[in-house]
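Participant: Chains as they are written, first to last, in the numbering used here: chain S, 1 to 290; chain G, 291 to 701.
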Amino acid sequence: MIVDVLVMTIFLSSTSALMALSLTIVYNSTRVINFSQGEIFILGCGMAYQIGVVMKLNMFVVAAVAIPVTALAGLLLERLIMIPVRRSGSPVAWIITTLSITLISQSLFALAFTSAQLRPDPLLAGGFKINGQELPYQILILLAVTLVIFFAYEIFLNKTTFGIGVRAAATDPETTSTFGVPVKLFVAGSFMAAGLIAGIGGWLGSSAAFVLPTDGLRFTVAGFVAMIVGGLGSTRGALIGGFVVGAMDAILRNTINPGIGELFIAAILVIILVFRPQGIIGAARTRGDA
Amino acid sequence: MKKIAIISAGLVLALAACSSSSSSSESAATAAAKCENPVTIGINEPFSGPFGFYGQFVANSVQLEADAINAAGGLLGCQIKVSTRDNGLDPAKVVGNTTELIGDASVNMVMGPSFTAFYDAVSAQYEEAKKLNCQIAVNGTDSLKDKAYAFRINASSKLTSEALVKYLASAGIKTLGAIYQNNGESLTFDKELAAAGAANGIKWVGSQYVDPTATSHAAQIAKLKSADAIFIDPQSGVAALTADAAKKAGYKGLLVGNNGLQGFTYVEGAGDAANGSVFASNNLGSYTAIPTDQQPKKYAEHTAGIVAKFGVTTGPKSGVKMINGTQQAADCVVEWAAAVNAAKSFDATAVAEAWRNLTLSQDEVPSAVGGGVNFAGGNESWNKPEQMFIYKWVHNTDGSWVVEQIQGPTA
Chain S
1 MIVDVLVMTI FLSSTSALMA LSLTIVYNST RVINFSQGEI FILGCGMAYQ
51 IGVVMKLNMF VVAAVAIPVT ALAGLLLERL IMIPVRRSGS PVAWIITTLS
101 ITLISQSLFA LAFTSAQLRP DPLLAGGFKI NGQELPYQIL ILLAVTLVIF
151 FAYEIFLNKT TFGIGVRAAA TDPETTSTFG VPVKLFVAGS FMAAGLIAGI
201 GGWLGSSAAF VLPTDGLRFT VAGFVAMIVG GLGSTRGALI GGFVVGAMDA
251 ILRNTINPGI GELFIAAILV IILVFRPQGI IGAARTRGDA
Chain G
291 MKKIAIISAG LVLALAACSS SSSSSESAAT AAAKCENPVT IGINEPFSGP
341 FGFYGQFVAN SVQLEADAIN AAGGLLGCQI KVSTRDNGLD PAKVVGNTTE
391 LIGDASVNMV MGPSFTAFYD AVSAQYEEAK KLNCQIAVNG TDSLKDKAYA
441 FRINASSKLT SEALVKYLAS AGIKTLGAIY QNNGESLTFD KELAAAGAAN
491 GIKWVGSQYV DPTATSHAAQ IAKLKSADAI FIDPQSGVAA LTADAAKKAG
541 YKGLLVGNNG LQGFTYVEGA GDAANGSVFA SNNLGSYTAI PTDQQPKKYA
591 EHTAGIVAKF GVTTGPKSGV KMINGTQQAA DCVVEWAAAV NAAKSFDATA
641 VAEAWRNLTL SQDEVPSAVG GGVNFAGGNE SWNKPEQMFI YKWVHNTDGS
691 WVVEQIQGPT A
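(1) DSSP three-state call for G/Ser-506: helix, strand or coil?
(2) Beta-carbon of G/Ser-317 versus every beta-carbon of chain S: anything under 8 Å?
(3) By the 10 Å Cβ neighbour count, where 16 or more other Cβ atoms means buried, how is S/Thr-97 classified, buried or exposed?
(4) Please list the partners that S/Met-8 has in chain G, where partner means a Cβ-to-Cβ separation under 7 Å.
(5) Hey, how far is the Cα of S/Val-145 from the Cα of S/Ala-73?
(6) What do you reckon, are the CB atoms on S/Ser-22 and S/Ala-198 nearer than 8 Å?
(7) In the DSSP assignment, find the unbroken beta strand (DSSP E) run with G/Gln-471 in it and report its ends.
(8) In the DSSP assignment, find the unbroken beta strand (DSSP E) run with S/Pro-136 in it and report its ends.
(9) Using a Cβ-based criterion (distance less than 7 Å to any ligand heavy atom), does G/Val-397 qualify as near the ligand PLP?
(10) Return the chain-ordered ranges of every beta strand (DSSP E) run that is complete within the region 397 to 467 of chain G and spans a minimum of 3 residues.
(11) For G/Ala-323 and G/Lys-421, what's the separation of their Cα atoms in angstroms?
(12) Just to make sure I have the definition right: I need the residues of chain G whose C-beta is within less than 8 Å of the C-beta of S/Asp-121. Which are they?
(13) Between the region 675 to 684 of chain G and the region 443 to 454 of chain G, can you find at least three pairs of beta-carbon atoms closer than 8 Å?
(14) I'd like the span of the alpha helix (DSSP H) that includes S/Arg-236, first residue to last.
(15) Interface residues of chain S around G/Leu-531 at Cβ under 7 Å?
(16) Does any residue of chain S bring its CB to less than 8 Å from the CB of G/Ala-536?
(17) Short of 7 Å Cβ to Cβ, which residues in the region 10 to 23 of chain S face chain G?
(18) Quick check on the DSSP output: the alpha helix (DSSP H) that includes G/Gly-342 runs from which residue to which?
(19) Is the CB-CB distance between G/Ala-231 and G/Ala-539 below 8 Å?
(20) Considering only the beta carbon of each residue, do S/Val-245 and S/Ala-266 sit closer than 8 Å?
(21) Under 8 Å, Cβ to Cβ, is there at least one residue of chain G near S/Val-229?
(22) Return no unless some Cβ of chain S is closer than 8 Å to the Cβ of G/Lys-515.
(23) Give a yes or no on whether the C-beta atoms belonging to G/Leu-514 and G/Gly-467 are separated by under 8 Å.
(24) Should the region 375 to 392 of chain G be regarded as contacting the region 647 to 658 of chain G, the criterion being three or more beta carbon pairs within less than 8 Å?
(25) Helix, strand or coil: which one does DSSP assign to G/Gly-561?
(26) Is S/Asp-172 close to chain G, meaning its C-beta is less than 8 Å from at least one C-beta of that chain?
(27) By Cβ distance, which residues of its chain are closer than 6 Å to S/Pro-122, with the 5 residues on each side in sequence left out?
(28) Relative to the C-alpha of G/Gln-369, which candidate in G/Gly-386, G/Gln-346, G/Glu-326 and G/Ala-440 has its C-alpha closest?
(29) Please check if any C-beta of chain G sits within less than 8 Å of the C-beta of S/Glu-134.
(30) Check whether chain S comes within 8 Å of G/Val-329, counting only Cβ atoms and requiring the distance to be less than that.
(31) The alpha helix (DSSP H) with S/Leu-80 in it runs from where to where?
(32) Over the uninterrupted beta strand (DSSP E) stretch that includes G/Gly-496, give me the two end residues.
(33) Just to make sure I have the definition right: I need the residues of chain G whose C-beta is within less than 7 Å of the C-beta of S/Val-53. Which are they?
(34) Taking any Cβ of chain S, which residues in the region 476 to 508 of chain G have a Cβ under 8 Å from it, in chain order?
(35) Round the Cβ separation of G/Ser-567 and G/Ala-533 to the nearest angstrom and send it over; I've been treating them as touching at under 8 Å.
(36) Sort S/Ser-88, S/Gly-89, S/Gly-46 and S/Val-54 by Cα distance to S/Val-69 and report the nearest one.
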């Protein structure tokens, strides 16, 4: 029982945190919450399944194909979302666009992945035995990769020239562009980074659980809740929000009722929005905060 | 505040999002000149989303049989059209489509909505409107009770449980437990499996409920490890996760289930853990190694027709081939047409009366119901557990999978 809760906690926390981070990266550069982000999670998962399980190629081939393709898929999303948003000028254009992409992607994935359950092979099979139950190595790899990605992104954002440029563009894109900073390039780069992170989450995360080709929105919503709980626009908030939401969800599912997790997610979202809209660690944040 | 409102609105829309579209297809043949009104079969099933393939399979089989009738001159001289509605497994669309099809006077018979909860939600509408309907995937034992205009082509969950438990008793199983999701269907399974066990000398050791999105069902397997057999969820993805946990835990007993285990999606998900799983089902001759010429005539004919016209779908991992149709959907057309011919009318009440008195041999119905179809005044195509088939998934040494028939109908 304890091992089950632990495995599920790591799975839900890590995938929620990674999705929250990818949503945050896009949000910080565009003020768009990309509800189609979970579709790249499914793309990463589906490609790992097709290449690794169906075509029986090794994980290096999976990585060589899936990583660039998910980053490019992020770039494609930037084109599909930002062109209508910029041209329409409507404050709700992003909602319509991102949800439309979600619906189209769901249908395409249902057609493309005829297997109802996608579960790529783990990078490392087996696990530690605790009280006769197995703590899979894969779940620990997922946790480690999640922490590394957050750490690396923090360094990138705060210590590199490109990262500082991204923050400046997010704070005031008009003024930043007058200094010759390629703001649109940074936005495109944000979508690519977000796609890459969601894709890696899909690949590594789905090896620990069965994922349906149409599950993308479920992971987006989990990431969205983690982002709100942690603090909208905050990288560290995404990590903390992911782990708070994931742990609570896993504990409630395993100790009270399997169906209560989703109810909890909806409830915590409402509570946070009403009583602490800035999130757990957020103060009243300003545009561009990371 | 505005930002939060926009985000919240987005979330609400996101949660409500479910792909759908209504589509309509018609037979290439035009209505016969002597027919004053069009004769239409309406289909209310999912054509989009993860079960979108299912609606298309139903439509393919219905179209194939309708085309055969049309080519032979039609039904009472009328050409049959097929009209589809995609419900996307969205409750609102299920109800909306039902209302629309019931209100369309040109629709003579409706198929769907499949799945017990959906059908139970709209069945009263059919009765009130006196609209003939034929159900091919509604398991609820009492779902069609006292329904005058509804006919069921699949076996109820009670019948399936009885057939499976009878087989298990004959195979020496002494204790039976279950692992499935906690929903209305599982509460029914609890009662029916316990009752069937008591009637056949098998001790029911209870059920464990699981989360369909969990990472493992190891805890539930651990609690039922001493059971000789465990009944697993009818939903193939959940069943696959349980099978995976059973294999990892070294469970020595038998994993059993109903026709939810028949599709390749169970084998795809569970992998080698599916090997040896036993399930009760309708005829799956085309999945087995039984030669076509030894299979019931109409079953073989319909299967060949589907393969020729609509092809097969192959499991990418398992290589299991599934025809792009479903014989039970074809049963609805064949039986409805036989009832219309017997009644010499399309009047719903007259056709329903003829349908309740219908008898067809096993060679005359596409799904090859064991012992043939005899409604005997009722509305169930299957009414004895002895009509059912028992199958086992076998993973061959060459890596291929096959469904092995371990018990045929004894009716």
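We treat Cβ as the ideally placed atom computed from N, Cα and C, and that holds for glycine. These figures come from a predicted structure and were not determined experimentally.
Facilitator: If we stick to the structure as given:
(1) coil
(2) The predicted position of G/Ser-317 is uncertain, since its pLDDT is 40 and thus under 50; no value can be drawn from it.
(3) S/Thr-97 is buried by the Cβ-count criterion.
(4) Ala-504 and Thr-505
(5) Rounded to the nearest angstrom, the gap between the Cα atoms of S/Val-145 and S/Ala-73 is 21 Å.
(6) yes
(7) 465 to 471
(8) 133 to 136
(9) No copy of the ligand PLP appears in this structure; indeed no ligand is present at all.
(10) 397 to 401, 422 to 425 and 440 to 442
(11) Residue confidence is low: G/Ala-323 scores 47 on pLDDT, short of 50, so the model does not pin down where it sits. No coordinate-derived value is stated.
(12) From the beta-carbon of S/Asp-121, no residue of chain G is found nearer than 8 Å; the closest lies around 10 Å away.
(13) yes
(14) Start and end: 235 to 255.
(15) Phe-210
(16) Chain S, which has no Cβ nearer than 8 Å to the Cβ of G/Ala-536, makes this no.
(17) Phe-11
(18) 342 to 361
(19) Because chain G here runs from 291 to 701, residue 231 of chain G falls outside it and cannot be looked at.
(20) The answer is no: Cβ separation not under 8 Å.
(21) no
(22) no
(23) yes
(24) no
(25) Reduced to three states, the DSSP call for G/Gly-561 is helix.
(26) no
(27) Gln-138 and Ser-207
(28) G/Glu-326
(29) Yes, its Cβ sits closer than 8 Å to a Cβ of chain G.
(30) G/Val-329 does not count as touching chain S.
(31) 59 to 88
(32) Here the beta strand (DSSP E) through G/Gly-496 covers 493 to 500.
(33) Lys-607
(34) Tyr-499, Val-500, Asp-501, Pro-502, Thr-503, Ala-504, Thr-505, Ser-506 and Ala-508
(35) 7 Å
(36) S/Gly-46
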